[in-house]
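Participant: Structure below; questions to follow.
Protein chains: 2
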Amino acid sequence: MDSKHPAGRLPEPPNPIADDGDETHFCGTCAFSSACIAAGYNKPELAQLQCLVEHVGPFRAGEHIFRTGDPFRAIFAVRSGTVKTRMVDKEGREQVLGFYLPGEVIGLNAIYPEHFPCDAVALDTSFFCRFSFPAMSALASRIPAVQKHLFRLLSKELGSASLLAGDHSADERMAAFLMDLAGRYAARGFSATRFHLSMSRGDIANYLRLAAETVSRVLSRFRSQGLIRIEGRELELLKPDALRQLGQALLPD
Amino acid sequence: MDSKHPAGRLPEPPNPIADDGDETHFCGTCAFSSACIAAGYNKPELAQLQCLVEHVGPFRAGEHIFRTGDPFRAIFAVRSGTVKTRMVDKEGREQVLGFYLPGEVIGLNAIYPEHFPCDAVALDTSFFCRFSFPAMSALASRIPAVQKHLFRLLSKELGSASLLAGDHSADERMAAFLMDLAGRYAARGFSATRFHLSMSRGDIANYLRLAAETVSRVLSRFRSQGLIRIEGRELELLKPDALRQLGQALLPD
DNA sequence: CACGCGGGTTGACCCGGATCAAGGCGGGCG
DNA sequence: CGCCCGCCTTGATCCGGGTCAACCCGCGTG
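Chains A and B, in that order, are what the protein sequence lines are. Heads up: the first sequence is residues 13 to 265, going by the numbering used here. Heads up: the second sequence is residues 13 to 265, going by the numbering used here.
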């Protein structure tokens with residue numbers, strides 16, 4: 013599963029955002045956008061922010077962006093591709109903590125321990141913006157909007173962490189998972205009703221604290237009920253309202 | 013359950029830390045201590061921090077420190093007593109998010125939404141330090157150590173949120189819960205082996221995503237196995253190592 | 001006093017999802 | 001080509017913990 017020479021699925025990420033030339037479009041959808049391209053910034057400050065960003069990648073499917081225990085020096089915004097974060101306990105069992113889509117930020121939970129408390133593994137061929145954290149903190153001291161933005165990012169992730177905490181049925185969890193993904197894709201300008209699941213059924217199951225067989229069964233049932241169309245990892249939400257209804261206990265609002 | 017006129021349990025909190033006269037002892041154990049009394053601060057800056065702190069309380073058992081939807085203006089450090097945070101979904105079901113002991117901080121998850129996303133309810137007679145967040149942010153911009161401290165607090169809570177995420181047996185959850193409490197009491201200078209459970213079995217069950225009956229059964233079993241001594245809400249850990257062993261899959265390290 | 005009520009404990013039963021098992025793709029490679 | 005190996009699906013069985021129910025206790029109140 014964690015092969016050192018993982019096979020890249022595709023020669024080129026199918027993700028439209030991978031186009032490195034389209035800076036402004038990507039940045040407009042990134043979680044840092046309000047910090048990077050906020051209208052209120054004067055030019056010298058924006059230049060400072062730009063210069064602490066470093067573009068890194070590509071990482072192929074299965075490669076690590078960072079590993080548990082690595083010293084914390086930077087946070088990463090996903091430019092394209094998908095990432096899972098996971099912890100591996102001493103018995104070797106994997107625990108998937110989350111999936112991160114283009115525009116989202118990984119590494120925030122490493123600030124306190126000053127070492128990464130989890131692995132980050134690419135699921136697709138992926139590119140990132142790397143933000144040196146010392147530089148970013150220093151900048152945050154001088155630009156209140158940057159500080160506020162970091163506080164908000166951290167606090168936001170606190171809120172979403174409690175999403176999968178409840179004891180809910182497999183159907184509720186799966187419906188909420190699909191609608192959460194849909195909402196996050198929509199927030200970044202992608203289709204909210206058709207998208208590709210970059211993660212395996214096993215990863216979904218692990219994340220939702222279900223067995224892989226259960227995930228498979230629930231998806232089959234959703235299909236037979238006409239809620240979704242699914243073929244391999246290509247997904248279409250046919251009745252998003254019904255799914256939202258199903259997952260409402262887990263979803264915000 | 014959420015009576016508007018809850019009966020205060022005791023005329024005076026039994027908590028030794030409630031002594032308002034013993035400032036330095038309390039502050040030495042508080043989560044803000046390194047910000048409030050850090051050696052590196054010169055006096056004018058420390059004075060600024062002091063003046064944005066406001067002591068509030070007492071809150072009696074059952075009273076709200078804040079409610080879902082309240083506009084976010086401040087975070088609170090528990091001076092004495094215990095607090096639970098909870099969300100109530102639209103079907104009226106309660107979801108306990110966490111328990112907070114003296115020295116710990118509540119309200120951080122409200123920064124992003126700018127409104128409190130949950131209720132905070134006192135379980136004991138409780139006192140707090142109230143930190144105006146706008147003032148604190150402004151101070152953080154001028155004093156890097158304060159900014160760093162806030163980042164760390166937020167990031168730390170991110171880490172602990174993933175504690176109860178896994179799918180683990182009732183025994184593992186309960187053992188981890190008890191050892192977590194023990195560690196947090198110890199970190200604030202209390203006994204790590206004898207303490208009072210301020211929360212009901214129902215709250216524990218809700219927090220651990222178990223039925224109240226299961227909590228009762230597990231505690232009874234732990235007692236019959238000689239792991240703990242428990243009488244009502246008074247708890248003594250007889251074999252902390254065995255408990256840590258049981259809960260290791262859920263505990264840090 | 002009797003009574004109600006919330007919290008706690010314990011027993012009996014049942015169900016959702018884990019586990020075990022078998023088989024079907026599809027892609028990479030000898 | 002044929003084989004293997006992940007990944008996925010579907011069926012059969014089992015069990016941990018939820019649910020229902022009965023009961024106890026302490027406390028506050030009419």
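Glycine included, each C-beta is placed from N, C-alpha and C at the ideal position. This one's a predicted model, so the numbers in the text were calculated from it and none came from an experiment.
Answer yes or no: does any C-beta atom of chain A fall closer than 8 Å to that of E169 of chain B?
Facilitator: Start at 1 with the first residue of the second sequence, and residue 169 of chain B comes out as number 157. Closer than 8 Å: yes.
Participant: I'd like to know whether the C-beta of D183 of chain B is nearer than 8 Å to at least one C-beta of chain A.
Facilitator: To locate residue 183 of chain B, count along the second sequence from 1; it is residue 171. Not closer than 8 Å to any Cβ of chain A, the Cβ of D183 of chain B fails to qualify, so no.
Participant: When you compare only the Cα positions, how much space is there between N121 of chain B and E169 of chain A?
Facilitator: Your numbering for residue 121 of chain B matches position 109 in the second sequence. Your numbering for residue 169 of chain A matches position 157 in the first sequence. Looking at the two C-alpha atoms, the distance is approximately 9 Å.
Participant: Considering only residues of the same chain and omitting the five flanking positions on each side of S181 of chain B, which have a CB-CB separation below 8 Å?
Facilitator: Along the second sequence, one-based indexing puts residue 181 of chain B at 169. Nothing meets the Cβ criterion.
Participant: Between which two residues does the beta strand (DSSP E) holding E184 of chain A run?
Facilitator: Against the first sequence, residue 184 of chain A aligns to sequence position 172. No beta strand (DSSP E) contains E184 of chain A, which is instead part of the alpha helix (DSSP H) from 182 to 199.
Participant: Figure out for me which residue from B:G195, B:Q107, B:D82, B:V100 has the closest Cα to the Cα of Y6 of chain B.
Facilitator: Since the first residue shown for chain B is 13 and the last is 265, residue 6 of chain B is missing from the structure and cannot be characterised.
Participant: Just the Cα atoms here: how many angstroms apart are D253 of chain A and E103 of chain B?
Facilitator: Here the question's residue 253 of chain A lines up with position 241 in the first sequence. Here the question's residue 103 of chain B lines up with position 91 in the second sequence. Using only the alpha carbons, I get a separation of about 18 Å.
Participant: Between which two residues does the beta strand (DSSP E) harbouring L109 of chain B extend?
Facilitator: Within the second sequence, numbered from 1, the residue matching residue 109 of chain B stands at position 97. Membership of L109 of chain B in the beta strand (DSSP E) is indicated by the continuous run 106 to 112.
Participant: Does any C-beta atom of chain A lie closer than 8 Å to the C-beta of K96 of chain B?
Facilitator: Looking up residue 96 of chain B in the second sequence gives position 84. It does not; no Cβ of chain A falls within 8 Å.
Participant: Would the segment 181 to 192 of chain B and the segment 143 to 150 of chain B be scored as touching if the rule is three or more Cβ pairs under 8 Å?
Facilitator: no
Participant: Between the C-alpha atoms of R221 of chain A and A199 of chain A, what's the straight-line distance to the nearest angstrom?
Facilitator: If you number the first sequence from 1, residue 221 of chain A lands on position 209. If you number the first sequence from 1, residue 199 of chain A lands on position 187. Taking the straight line joining both Cα atoms gives about 26 Å.
Participant: Quick check on S269 of chain B: buried or exposed, where buried means 16 or more other Cβ atoms within 10 Å of its Cβ?
Facilitator: With chain B running from 13 to 265 in the structure shown, residue 269 of chain B is simply not present.
Participant: Would R164 of chain B pass as an interface residue toward chain A - the criterion being a Cβ-Cβ separation below 8 Å?
Facilitator: As a first step, residue 164 of chain B is located in the second sequence; it is residue number 152 there, counting from the start. For R164 of chain B, the answer is yes, since a Cβ of chain A falls inside 8 Å of its Cβ.
Participant: Find out if the Cβ-Cβ distance for the pair R204 of chain A, Y197 of chain A is shorter than 8 Å.
Facilitator: Translated into the one-based positions of the first sequence, residue 204 of chain A becomes position 192. Translated into the one-based positions of the first sequence, residue 197 of chain A becomes position 185. It is worth fixing the name first, because residue 204 of chain A is Ala in this sequence and not Arg. Yes; because the gap between Cβ atoms is below 8 Å, this pair is in contact.
Participant: Please classify A51 of chain B: does DSSP put it in a helix, a strand, or coil?
Facilitator: Position 39 of the second sequence holds residue 51 of chain B. Because the pLDDT at A51 of chain B is just 42, under 50, the model does not fix this residue reliably, and the point stays unresolved.
Participant: With distances taken Cα to Cα, identify the nearest neighbour of F88 of chain A among A:D101, A:I155, A:A134.
Facilitator: Taking the first sequence and counting its residues from 1, the one referred to as residue 88 of chain A is at position 76. If you compare the alpha carbons of A:D101, A:I155, A:A134 with that of F88 of chain A, the shortest gap goes to A:A134.
Participant: What residue from A:S153, A:Y112, A:L166 has the CA that sits closest to I77 of chain A's CA?
Facilitator: Counting from 1 along the first sequence, the entry for residue 77 of chain A is found at position 65. Of A:S153, A:Y112, A:L166, the residue nearest in Cα terms is A:Y112.
Participant: For G33 of chain A, does the three-state DSSP call read helix, strand or coil?
Facilitator: In the first sequence, residue 33 of chain A corresponds to position 21, counting from 1. Confidence at G33 of chain A is low in this model, with a pLDDT of 45, below 50, so the placement of that residue should be treated as unreliable; the coordinate-derived value is given next. G33 of chain A falls in the coil class under three-state DSSP.
Participant: Using the rule of at least 16 other Cβ atoms within 10 Å of the residue's Cβ for burial, across every protein chain shown, is Q237 of chain A buried or exposed?
Facilitator: Translated into positions along the first sequence, residue 237 of chain A becomes position 225. Exposed.
Participant: Where do the N-terminal and C-terminal ends of the alpha helix (DSSP H) with G214 of chain B fall, by residue?
Facilitator: As a first step, residue 214 of chain B must be located in the second sequence, where it is residue number 202. Segment 213 to 220, the alpha helix (DSSP H) holding G214 of chain B.
Participant: What three-state label does DSSP hand L250 of chain B in the structure shown?
Facilitator: Walking along the second sequence from the start, residue 250 of chain B turns up at place 238. Here L250 of chain B sits in coil by DSSP.
Participant: Could you round the C-beta distance between T97 of chain B and A132 of chain B to whole angstroms and report it? I think they count as a contact, below 8 Å.
Facilitator: As a position in the second sequence, residue 97 of chain B is number 85, starting the count at 1. As a position in the second sequence, residue 132 of chain B is number 120, starting the count at 1. The pair is a contact, with the Cβ atoms about 5 Å apart (cut-off 8 Å).
Participant: Check the Cβ of I77 of chain B against every Cβ in chain A and list those closer than 7 Å, keeping chain order.
Facilitator: For this step, residue 77 of chain B is matched to residue 65 along the second sequence. Chain A residues near I77 of chain B: none, gap ~18 Å exceeds 7 Å.
Participant: Taking Cβ positions, are L263 of chain B and L190 of chain B nearer each other than 8 Å?
Facilitator: As a position in the second sequence, residue 263 of chain B is number 251, starting the count at 1. As a position in the second sequence, residue 190 of chain B is number 178, starting the count at 1. No, the Cβ-Cβ distance between L263 of chain B and L190 of chain B is not below 8 Å.
Participant: Just to check my reading of the structure: H208 of chain B and R235 of chain B have Cβ atoms closer than 8 Å, yes? What is that Cβ distance to the nearest angstrom?
Facilitator: Stepping through the second sequence from its first residue, residue 208 of chain B is reached at position 196. Stepping through the second sequence from its first residue, residue 235 of chain B is reached at position 223. Incorrect: roughly 17 Å between the Cβ atoms, too far for contact.
Participant: Does the CB of A188 of chain A have a neighbour CB from chain B at under 8 Å?
Facilitator: Working through the first sequence from its first residue, we reach residue 188 of chain A at position 176. No - not a single Cβ of chain B is within 8 Å of the one on A188 of chain A.
Participant: Could you work out which residues of chain B lie near Q159 of chain A, taking near to mean beta carbons separated by less than 7 Å?
Facilitator: The residue you call residue 159 of chain A lines up with position 147 of the first sequence. Chain B residues near Q159 of chain A: S149, A152, S153, Q159.
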